[in-house]
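Everything below concerns the one structure shown next.
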Amino acid sequence: MNQIAFLGALEIGLVYGLVALGVFLSFRVLNFPDLTVDGSFPLGAAVTAALIVVGTDPYLATGAAMLAGAVAGMVTAFLNLRFKILHLLASILTMIALYSINLRIMGRPNLALITEPTVLTPFEGLGLPGFYLKPLFALAVLLLIGGLLARFLASDYGLGLRATGANARMARAQGVATGRSTYVGMALSNAMAALGGALFAQMNGFADITMGTGTIVVGLAAVIVGEVVLRSRLIVIAVVACVLGSVLYRIAIALALNADVLGLQSSDLNLVTAILVAAALILPGVRNPIKALFAKVAAR
Amino acid sequence: MRENIPAGAAALLLSAMIAGGALAEDVHVATTAIVEHPALDAARDGVRDELKEAGYEVGKNLTFTYESAQGNPGTAAQIARKLIGDKPSVIVPISTPSAQAVVAATKDIPVVFTAVTDPVGAKLVGSLDKPGGNVTGMSDLSPIGKHMALIKEITPRAKTIGVPFNPGEANSVTLLELIRKHAPEHGLEVVEAPAPKSAEVLAAAQSLIGKVDAIYVPTDNTIVSAFEAVVKIGVENRIPVYAGDTDSVPRGAIAALGFNYYDVGRQTGKMVVRVLKGENPGDLAVEGVEITELHVNPAMAEKMGVELPEAVVARAKTVVK
């Protein structure tokens, strides 16, 4: 793996780290298996790209993308809480609806941003080449968002949110408005995924309607890999683990892309992903979100 | 494995001596595509074969690599980074997302993209005539004007054409815009039939019954994958079905004026060779498809109530029996 490939893996791992944080918040903290991210990741990209193309400030466009993601998350929560649609199904409904909505937002399946201003434009005058600047910028964003998330989850309100996921009945008995907690958690989770999509589009020069496919698998893989390498009850460590998992996952892909290592080639990527996640799940003592999910469905 | 190394080195040395001087410099051409797909693979093979004809041969003086992103834009971005780090002589991204990822990642390494329908819309180049910078390539845009002329030549009385398409495919949306532009020039009115999934193609085709005199299927992956559904409607209602790609003719289109991606790859290869010989990519105009070929299916035409003019059949490169 050459240095630029490594920095590329770092950058994309950090960007998808935002998705991992979102997935951590929904699956782990709220215990709400949410597939909306497959739609909210490209939603973030679509909103940002569409706004930047008509001349909006990139930072404003990125903020709008997060807001759109938050709304998407709340729609899923609404379908689940108000109409008692099974969380998994509710999130699938939002996800497929977002495909059409994203097409409407962009007006076409692919919007190019290569020559447009992005959130990186103000820093391009620093003389740093793109392959250093992009991962550094992503790292700064992750430090900010990860720090805010860790602080939020350690606050009184955040504790109520965690209690909602751990034991909703107990939380209600303690005076936690569990419904509102779920809305807030789902909004934050999908806002982070949308931010990931917004950054991805700006750093790689395009938003494409297909870019959401498999986002949830990547996010889950990151969370699980992170938990295997870094286990802790401390919320700060758990947040760091998600991001670390995402970066490690991308480094594994970068290794798979280098045919000289182990004789792997790019067409083996999906197999590498599956083996990685399966190995992480098989390791003893790992909480298995999918197993937990089916246990829950069966209990209904 | 280890024993092979000296033999391999000797072979390399030998070939280097044979190649001797004429093309002393070793080059690395790196190709990448968004997904494994027969058309995209054919384009890649075309590039490699053209390079061979120009004296760049794999195992002698050419390193030829290929990476697929398996349909995932995240991986495409990562592959682009890896290629930039490898510093090849030329990068050949195949398909729009791969090209965008590569072009966004480098301003130095020469890029010759291919199988991109709308290079200006995708912001790969500022203009087709003068791309500027480190990027040029070729567009695989269907010659829609010629297609409309062919429909009018075979079925002169047609006044409306139905176009099934997937609104989620970037290429199809571009093609539809072109169809809307060119159809009136040939006295044709366009009726759209959107089908976002291959399972919805039959319903989309049914919606055209009674409204159109002919159906034109553009090079849309979704519609083409369910092409038989369109043919069924065409045969049952005697509406002639035309296609944008020649592979659909044996499957039931009455005629298509197409190109194959191997030829596209060969043409791209010629541009790669010019860049390898030292020309600046930014000075090479973006090229369109040069070689087109007519394929016809007279038996299917009869089933759809059309007789192919003899001049058309005589001109065809392939007549499906």
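Each protein sequence line maps, in turn, to chains A and B. Using this note's numbering, the first residue of the first sequence is number 1, and each one after it goes up by one. Using this note's numbering, the first residue of the second sequence is number 1001, and each one after it goes up by one. The beta-carbon is built from N, C-alpha and C at its ideal position, and this holds for glycine as well.
Checklist entry - Mind checking A:T170: buried by the 16 CB within 10 Å criterion, or exposed? => result At residue 170 of chain A the sequence reads Met, which differs from the Thr that was named. With fewer than 16 other Cβ atoms inside 10 Å of its own Cβ, A:M170 counts as exposed.
Next on the checklist: Any beta carbon from chain A within less than 7 Å of B:V1103's own beta carbon?
Outcome noted: Answer yes: the Cβ-Cβ gap between B:V1103 and chain A drops below 7 Å somewhere.
Checklist entry - Do three or more CB pairs link the stretch 1288 to 1304 of chain B to the stretch 1218 to 1225 of chain B at distances below 8 Å? => result Fewer than three pairs of CB atoms, one per stretch, sit closer than 8 Å, so the stretch 1288 to 1304 of chain B makes no contact with the stretch 1218 to 1225 of chain B.
Checklist entry - By Cβ distance, which residues of its chain are closer than 6 Å to A:S26, with the 5 residues on each side in sequence left out? => result Same-chain partners within the cutoff: F32, D34, S189.
Checklist entry - B:D943 to B:L1062, Cα distance in whole Å? => result The structure shown does not extend to residue 943 of chain B, since chain B spans only 1001 to 1321, so no value can be given for it.
Item to check | For A:F200, the three-state DSSP class (helix, strand or coil) | outcome: Under the three-state reduction of DSSP, A:F200 is assigned to helix.
Checklist entry - Does the Cβ of A:G205 have 16 or more other Cβ atoms within 10 Å, making it buried, or fewer, making it exposed? => result A:G205 sits buried, since 16 or more C-beta atoms from the chains shown fall within 10 Å of its C-beta.
Next on the checklist: Can you tell me whether A:A140 sits near the ligand SAH, meaning its C-beta is under 6 Å from at least one heavy atom of the ligand?
Outcome noted: What this structure holds is no ligand at all, so the ligand SAH is not there to describe.
Item to check | One or two residues paired with B:H1295 in a DSSP bridge | outcome: Paired residue(s): B:A1256, B:T1318.
Item to check | B:P1097 beta carbon less than 7 Å from that of B:A1080 | outcome: B:P1097 sits away from B:A1080, with the two beta carbons spaced by 7 Å or more.
Next on the checklist: Taking the beta carbon of B:K1277 as the centre, do at least 16 other beta carbons fall within 10 Å, making it buried, or is it exposed?
Outcome noted: When all chains shown are included, B:K1277 counts as exposed.
Next on the checklist: I need the straight-line Cα distance from A:A97 to A:G107, nearest angstrom please.
Outcome noted: Near 15 Å, if we compare the C-alpha coordinates of A:G107 and A:A97.
Next on the checklist: Does the stretch 153 to 169 of chain A come into contact with the stretch 178 to 186 of chain A, if we say contact requires no fewer than three beta-carbon pairs (one atom in each stretch) closer than 8 Å?
Outcome noted: Contact between the stretch 153 to 169 of chain A and the stretch 178 to 186 of chain A is present, because at least three Cβ pairs lie under 8 Å.
Checklist entry - Three or more C-beta pairs closer than 8 Å, one from the stretch 1157 to 1166 of chain B and one from the stretch 1205 to 1217 of chain B: is that the case here? => result The stretch 1157 to 1166 of chain B is in contact with the stretch 1205 to 1217 of chain B.
Item to check | A:P58, buried or exposed, once every other Cβ within 10 Å from all chains shown has been counted against 16 | outcome: It counts as buried.
Checklist entry - Span of the beta strand (DSSP E) holding B:V1217? => result Residues 1214 to 1217.
Checklist entry - B:K1130 touches chain A at which residues, Cβ-Cβ below 7 Å? => result One finds nothing in chain A with a Cβ atom closer than 7 Å to the Cβ of B:K1130; even the nearest lies about 15 Å away.
Next on the checklist: Report the start-end ranges of each beta strand (DSSP E) in the stretch 36 to 115 of chain A that is 3 residues or longer and not cut off at the edges.
Outcome noted: Listed in chain order, they are 110 to 112.
Checklist entry - Going straight from the alpha carbon of B:V1103 to that of B:L1124, what length do you get? => result B:V1103 and B:L1124: Cα-Cα distance of roughly 7 Å.
Checklist entry - From this set, B:G1282, B:H1182, B:T1246, which residue's C-alpha is nearest B:M1138's C-alpha? => result It is B:G1282 whose Cα lies nearest to the Cα of B:M1138.
Next on the checklist: Comparing C-alpha positions only, which one of A:M192, A:R82, A:M203, A:I209 sits nearest to A:F123?
Outcome noted: Checking every option, the nearest Cα to that of A:F123 belongs to A:M203.
Checklist entry - Helix or strand or just coil, what does DSSP make of A:A171? => result The three-state reading of DSSP puts A:A171 in helix, counting H, G and I together.
Checklist entry - Where does B:F1064 fall in DSSP's three states? => result Strand.
Next on the checklist: Can you list, in chain order, the residues of its chain with a C-beta nearer than 8 Å to that of A:L18? Leave out the 5 residues immediately preceding and following it.
Outcome noted: Closer than 8 Å at the Cβ level, and outside the excluded window around A:L18, lie V141, L142, I145, M192, A193, L195, G196, L199.
Item to check | For B:A1043 and B:T1268, believed in contact at Cβ under 8 Å, the rounded distance | outcome: Contact annotation, B:T1268 with B:A1043: C-beta distance approximately 7 Å; criterion of less than 8 Å satisfied.
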